[in-house]
Every structure is written in C-alpha cells, then in structure tokens.
Amino acid sequence: MIRDVILPWAIGDEQLGDDVLEVGPGYGATTDVLSNAVTQLTAVEIDAELASMLMDRFADAPSVHIVNADATSLDYPDGRFTGAACFTMLHHVEPAHRQDRLLAEIARVLRPGAVLVAGDSLASEPLAQMHDGDTYNPIDPGTLPARLAAAGFTDIEVRTNDFGWSAVARKGCRSMP
C-alpha cells in the first residue's frame, strides 16, 4: 500500500532532489521506496531499536544513511537537503508544539525552494484503539496550512482522502535586503 497508493498520491509529480531527508522512517517501508528514487537519502529515526534495525538492513546501501536522532534538533547545517519526506509518523509526536518544532527544523535544513512531502492518517477511533499504550496525537489537516506557514513553508497544498492527508510545501525563499 505504501509503494503503490500512499506515496504516489502524496508525492505526485514533486521532485525531491538528490539529497533527501526522511524523518521518522519507523520500520522502513517508505525508506525502501525513497532509497530507489533518490541519489542520497538520510533517514532520521528517534527510536534506537528501529534505527539499529534500519542500519543493519541498509548496511549495503551506500546511498542510504540511517541516523538515530531526535528530528526536532538535527545536527545538519541550514539548507543541507534538497527535499524532505515524513509519512505516517507525525501522530507519534506529542504535544502539538513538538510537531511544530519538528516542522520548523525540517524547514531549517532544507534549501530555499526545496519541497517537503508529508502524509499521515486521519484521526479515528480504530486508530486510537490501535495506539492504546502508545502515543497517538493525530493532526487535523485543516490546521496544517497555518502550521506549515509558521514553520517557514510556502506554496502549501493539503489534500485529504478516505485514509489520510498529504501536504506538499516549499521552504520559503528569503529575499535579499
């Protein structure tokens, strides 16, 4: 479903460039797809166990770099990446101000004009029950345009369908004084 439905719907015709940041790869379903679509992929996973599993899995993939880190405070220079992706993970970040901090940090490490593609599920009782004992902080897609703009993004497009939302946004370009 990730490869054939979610990613094509969320990414569309957007080009992520040749040096892409993936935030929250989890067990790596989107990492598998992205690693075959971009030249260089850096996947940042906060969970040490998942990051270790991904490091082992992608050990023979020189174009994939797995990092165990908190994406709200990335150790990369401003403007490092040509694109960013985060899928089915933002609902695991709480509270909402940490989600906003994460979005702002992604904007910081993107080059001006670079694209962020993101997607997650819509809030539902069945998903809340599946996350019993785990973090479940779904994002209302109606709030995304303002939240992405506050994080430094422009050209924001948010779409929903029966299973979730997707957002495409560009890092704003600073005008020279």
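Using the working numbering, the letters of the sequence shown map in sequence onto residues 21 to 197.
Here a beta-carbon is modelled for each residue, glycine too, at the ideal position from N, C-alpha and C.
Source: prediction; values computed, not measured.
TODO: Might you give, ordered along the chain, the residues of its own chain that have their beta carbon closer than 7 Å to the beta carbon of residue 123, omitting 5 neighbours on each side?
DONE: One-based indexing of the sequence shown puts residue 123 at position 103. Take residue 123, set aside five residues on each side of it, and the residues of its chain with a beta-carbon closer than 7 Å to its own are 167, 168, 171, in chain order.
Task: Identity of the residues DSSP links to residue 190 by a beta bridge - done: Residue mapping note: residue 190 aligns to position 170 of the sequence shown, counting from 1. BP columns for residue 190 point to 135, 174.
Task: residue 94, DSSP secondary structure in three states - done: The sequence position of residue 94 within the sequence shown is 74, counting from 1. When secondary structure is reduced to three states using DSSP, residue 94 falls in the coil class, being assigned neither helix nor strand.
- [ ] Answer yes or no: the CB of residue 91 versus the heavy atoms of the ligand SAM, is any distance below 7 Å?
- [x] In the structure on display, the ligand SAM does not appear, and there are no ligands present to speak of.
TODO: State buried or exposed for residue 197, treating a residue as buried only when at least 16 other CB atoms are found within 10 Å of its CB.
DONE: Stepping through the sequence shown from its first residue, residue 197 is reached at position 177. Because the pLDDT at residue 197 is just 39, under 50, the model does not fix this residue reliably, and the point stays unresolved.
Task: Straight-line gap, residue 178 to residue 74 (C-alpha atoms, nearest Å) - done: Here the question's residue 178 lines up with position 158 in the sequence shown. Here the question's residue 74 lines up with position 54 in the sequence shown. So the two alpha carbons sit approximately 30 Å from each other.
Task: Alpha-carbon to alpha-carbon, residue 119 and residue 185 - done: Here residue 185 refers to the residue found at position 165 when the sequence shown is read from its first residue. Here residue 119 refers to the residue found at position 99 when the sequence shown is read from its first residue. Going from the Cα of residue 185 to the Cα of residue 119 covers about 15 Å.
Task: Local conformation of residue 126 per DSSP, three classes - done: Residue numbering aside, residue 126 sits at position 106 when the sequence shown is read from its first letter. Helix, per DSSP.
TODO: Could you tell me which of 64, 92, 98 sits nearest to residue 114, measuring between CA atoms?
DONE: Counting from one through the sequence shown, the residue named residue 114 turns up at place 94. Checked all of 64, 92, 98; the closest Cα to residue 114 is 92.
Open item on the list: Can you find the residues in the same chain that come closer than 7 Å, C-beta to C-beta, to residue 127, ignoring five residues on each side of it along the sequence?
Closed with: Taking the sequence shown and counting its residues from 1, the one referred to as residue 127 is at position 107. Its chain contains 171, 172, 173, 191 as the residues whose beta carbon lies nearer than 7 Å to that of residue 127, once the 5 sequence neighbours on both sides are disregarded; these appear in chain order.
Open item on the list: So for residue 184, helix, strand or coil by DSSP?
Closed with: Here residue 184 is taken as the residue at index 164 of the sequence shown, counted from 1. The three-state reading of DSSP puts residue 184 in strand, counting E and B together.
Task: DSSP-derived helix/strand/coil call for residue 162 - done: As a working note, residue 162 is residue 142 in the sequence shown. Residue 162 sits in a helix when the DSSP states are folded into three classes.
Open item on the list: Quick check: what's the CA-CA separation for residue 99 versus residue 41?
Closed with: Numbered from 1 along the sequence shown, position 79 holds the residue referred to as residue 99. Numbered from 1 along the sequence shown, position 21 holds the residue referred to as residue 41. About 11 Å.
Task: Three-state secondary structure assigned by DSSP to residue 25 - done: Taking the first residue of the sequence shown as position 1, residue 25 is located at position 5. Looking at residue 25 - three-state DSSP - the assignment turns out to be helix.
Task: Given residue 137 as reference, the closest of 59, 164, 153 once Cα atoms are compared - done: In the sequence shown, the residue the question calls residue 137 occupies position 117. That would be 164, whose Cα lies nearest to the Cα of residue 137.
- [ ] Locate the beta strand (DSSP E) running through residue 61, then write down its first and last residues.
- [x] Locating residue 61 in the sequence shown gives position 41, where the first residue counts as 1. Counting along the chain, the beta strand (DSSP E) containing residue 61 begins and ends at 60 to 65.
Task: Paired residues, beta bridge with residue 86 - DSSP - done: Working through the sequence shown from its first residue, we reach residue 86 at position 66. According to DSSP, which records beta bridges pairwise, residue 86 is partnered with 63.
Open item on the list: Alpha carbons only, please: which of 105, 158, 188 is nearest the one belonging to residue 117?
Closed with: For this step, residue 117 is matched to residue 97 along the sequence shown. Of the candidates 105, 158, 188, the residue whose Cα lies closest to the Cα of residue 117 is 158.
TODO: To the nearest angstrom, report how far apart residue 38 and residue 60 are at their CA atoms.
DONE: For the purposes of this step, residue 38 is taken as residue 18 along the sequence shown, with counting starting at 1. For the purposes of this step, residue 60 is taken as residue 40 along the sequence shown, with counting starting at 1. Roughly 6 Å between the two C-alpha positions.
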